[in-house]
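Worksheet: the structure to be examined is printed underneath.
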Amino acid sequence: GRLAAFALPADEVRTALRVVEQLHHGVAACRAQVEAWRDATQKTLESMLLTYVRKGEATDALDTCIFMLGELGLEEDGEVVVSARIVSALQSICAGDVDLSNCTSRLRGHA
2 GRLAAFALPA DEVRTALRVV EQLHHGVAAC RAQVEAWRDA TQKTLESMLL
52 TYVRKGEATD ALDTCIFMLG ELGLEEDGEV VVSARIVSAL QSICAGDVDL
102 SNCTSRLRGH A
């Protein structure tokens, strides 16, 4: 749904990820699907970050993207492996290399 499409506002992402985490722990049959979803989601988030940095401008979707990446890492069993490309993209965003004028003020804090 909206979580997989990165269409949820950042303040709703945490709740949605907790539901995914409960599925992961509560239903053995769901574990493989949840892990595959996490891997695919992380790859998509990395791709989105790199696209924003390459373009040099961002939208509010970047806020959700960065927040979601952080929330994945905070999950109890979250195994987010942060690549050098993600670190570099986040550094570029924080350094002002990406125009954030079209984004919420929370974005820099999430980065």
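Going by our numbering, the sequence shown opens with residue 2, and the numbers climb by one from there.
Even for Gly, the Cβ is constructed at its ideal location relative to N, Cα and C.
- Judged by pairs of C-beta atoms under 8 Å, the region 34-42 does not touch the region 60-67, as fewer than three such pairs exist.
- When the Cα atoms are used, Leu51 and Gly74 turn out to be separated by approximately 19 Å.
- Around the Cβ of Val99, a 10 Å sphere holds 16 or more other Cβ atoms; the residue is buried.
- Taken in chain order, the complete alpha helix (DSSP H) segments of 4 residues or longer contained in the region 18-62 are 29-56.
- For Met69, the closest C-alpha among the options Met49, Glu58 and Leu101 is that of Met49.
- Put simply, the backbone Cα of Ala96 is about 10 Å away from that of Ala90.
- Distance from the CA of Ser102 to the CA of Gln34, rounded to the nearest whole angstrom, comes to 37 Å.
- Nearest C-alpha to Glu47 among Gly71, Leu18 and Arg32: Gly71.
- The DSSP-derived three-state label of Asp12 is helix.
- Residue state for Asp98 is assigned as coil, using DSSP reduced to three classes.
- The closest CA to that of Ser93, considering only Glu13, Val54, Val20 and Arg32, is found on Val54.
- Looking only at Cys104, Pro10, Glu13 and Asp12, the smallest Cα-Cα distance to Ala59 is reached by Cys104.
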